[in-house]
Amino acid sequence: MTAAWGRLFAVDAGGNNLLRVHGSGEISTVAVFPDRLVPAPPGMGLPDPFPMQAVPTNVVVGPDGALYVSQLTGFPFPLGAANVYRVEPGSAPELYADDLTNVTDLAFDRHGNLYVVEFAANGLASGDPTGALIKIRRDGSRETVLSEGLVNPYGVAIGRRGDIYVSNHGGSAGLGEVLRLRSHH
-18 MTAAWGRLFA VDAGGNNLLR VHGSGEISTV AVFPDRLVPA PPGMGLPDPF
32 PMQAVPTNVV VGPDGALYVS QLTGFPFPLG AANVYRVEPG SAPELYADDL
82 TNVTDLAFDR HGNLYVVEFA ANGLASGDPT GALIKIRRDG SRETVLSEGL
132 VNPYGVAIGR RGDIYVSNHG GSAGLGEVLR LRSHH
């Protein structure tokens, strides 16, 4: 959930949409993220192509004032199928970043770089809990900031001094921790 323009916005992973929460408690739909057709996993007897749900996971306000929405993706959780969308209320969602996998959170730094957390960098269906923190620069180039030691990371936040905080062990009850990556001021 995030606040923008004096309003609250939230994602609904089950409904695959971005919602506005009005002060009266009324909820309205801002954007819908439709199913996409992807190759079916082999040997399961599923229709091919298979309809994969979007499963939006978070919304933040970007440096341009637009809303940015991360996407986990639904089954079969294909590698590189998760996206980040840019949304201006009243307009259709625009693809901002693609070729990501199982994204659970995102945050912008003061320079306009977007950091995304991949809960399972090799895909949820792989059984590999290794995650990743990806930095996407304004020009679209990207780098993996951290992967080693990330076990099903879930959230990311950026402090006032630029330090990056990542929640780790998001799938392991009682083992959770918050990692801090210090900024190089």
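Quick note on my numbering: the sequence shown kicks off at -18 and runs consecutively. We put the CB at the ideal spot given by N, CA and C, even for glycine. Bear in mind the structure is a predicted one, so any value in this text is a computation, not a measurement.
Check                                                                                                                       : Outcome
For Phe89 and Trp(-14), the rounded distance between their alpha carbons                                                    : 18 Å
Chain-order list of residues whose beta-carbon lies under 6 Å from that of Gly71 (same chain, five-residue window excluded) : none
Ser15, enclosing beta strand (DSSP E) - first and last residue                                                              : For the record, residue 15 in the displayed sequence is Pro; it is not Ser. First-last for Pro15: undefined, no H or E at that position.
Helix, strand or coil at Ser148 according to DSSP, with G and I counted as helix                                            : strand
Anticipated Cβ contact below 8 Å, Arg161 with Tyr146, distance rounded                                                      : 6 Å
Residue of Ala21, Val11, Ala63, Gly104 minimising C-alpha distance to Leu0                                                  : Val11
Buried or exposed by the 16-neighbour rule on C-beta atoms within 10 Å, applied to Asp109                                   : exposed
Straight-line gap, Arg142 to Asp80 (C-alpha atoms, nearest Å)                                                               : 29 Å
Continuous beta strand (DSSP E) stretch holding Glu129: start and end                                                       : It is not in any beta strand (DSSP E) - Glu129 carries neither H nor E in the DSSP assignment.
Buried versus exposed call for Leu131 [16 or more other C-beta atoms within 10 Å across all chains shown]                   : buried
Residues that Glu99 bridges to, as DSSP identifies them                                                                     : Val84, Ala113
DSSP three-state assignment for Leu105, whether helix, strand or coil                                                       : helix
Exposure label - Thr125; buried when at least 16 CB within 10 Å                                                             : exposed
Candidates Ala101, Ser122, Gln52, Arg123, of which the one nearest Pro15 by Cα                                              : Gln52
CA-to-CA distance, Leu(-11) to Ser153, given in whole angstroms                                                             : 30 Å
Buried/exposed call for Pro30, threshold 16 Cβ in 10 Å                                                                      : exposed
Buried/exposed call for Gly4, threshold 16 Cβ in 10 Å                                                                       : exposed
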